[in-house]
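First the structure, in the form of structure tokens, and then the observations on it.
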Amino acid sequence: MSTIAGARRRTSSNFLYRLIGAALLDGSVFEGVEGDRRATPQAAIVVFLASVAPVVGLSGVIGFQIDALVRLAALSMGAWLLWTVLIFQIGVRLFPDPETESSVGELLRTTGFAAAPGLLQVFMMLPGMLLPVFIGTWIWMIAAMVVAVSHALDYRSTWRALFVCVIAAALAGTIAVIIGVLFGPTVH
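Just so you know, my numbering puts the end of the sequence shown at 219, numbered straight through with nothing missing.
So, in structure tokens, the structure goes:
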């Protein structure tokens, strides 16, 4: 086997291991991606796939719409970047623990993998599963985000990580509404 093929197989198995570990809220997986700069594209792939999953899951209800898929993917990527930068500013600058030392890159990697439970939204297509899968995966992704932030910011308290995530989400939502009002279509 060539060295390149072996490296590809290790990378893909490493990605799958990280994906499953993040979904299982395994702190050691978040610690691992935090320090691995090569995991940044993998984190972006997780966010992208998690944004595509609900479109596929809803395809039985709304039909498969490529424009919805593209818009949702772009929106998800932008929201991930905005939320991560806000988490960094709030968590590192305003509410750090004494051990807190992080970078936006570390947070991008950990928060990207926190979207892993969102991949399960493809199962919304199953009869009677739309609401349970949607609600369950969102609660699961929020829990993963709190674990990711807790590890990336070296917090001793999960409550502090939850607080930072909630404040950053509220700010990101406010910014999104303002942008929507300023640049969105006019409703008559």
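Note that the Cβ used here is the ideal one computed from N, Cα and C, for glycine as well. Since we're looking at a predicted model, the values are computed, not measured.
Cα atoms of proline 148 and valine 212: separation of roughly 31 Å, rounded to the nearest angstrom. Going by C-alpha positions, phenylalanine 165 is about 29 Å away from glutamine 120.
The beta carbons of threonine 131 and tyrosine 186 sit closer together than 8 Å. Linking glycine 204 to isoleucine 118 through their CA atoms gives a straight-line distance of about 13 Å. Annotated three-state conformation of phenylalanine 126 is coil, per DSSP. The beta carbon of threonine 142 sits closer than 8 Å to the beta carbons of Ala74, Trp111, Trp114, Thr115, Ile118, Met176, Ala179, Val180, Ala183 from its chain, once the five residues preceding and following it are set aside; these are given in chain order. Taking 8 Å as the cut-off, the Cβ atoms of valine 78 and alanine 70 do not count as close. The shortest C-alpha to C-alpha distance from aspartate 57 to any of Pro158, Ala145, Leu150 is the one to Ala145.
Secondary structure note for leucine 202: its alpha helix (DSSP H) is the uninterrupted segment 189-214. With contacts defined by Cβ atoms closer than 8 Å, valine 60 and glycine 66 do not form a contacting pair. Alanine 145 carries a coil assignment under DSSP once its states are collapsed to helix, strand and coil. With a beta-carbon spacing of about 28 Å, leucine 103 and serine 134 fall beyond the 8 Å limit used to define contacts.
Under the three-state reduction of DSSP output, glutamate 132 falls in the coil class, being neither helix nor strand.
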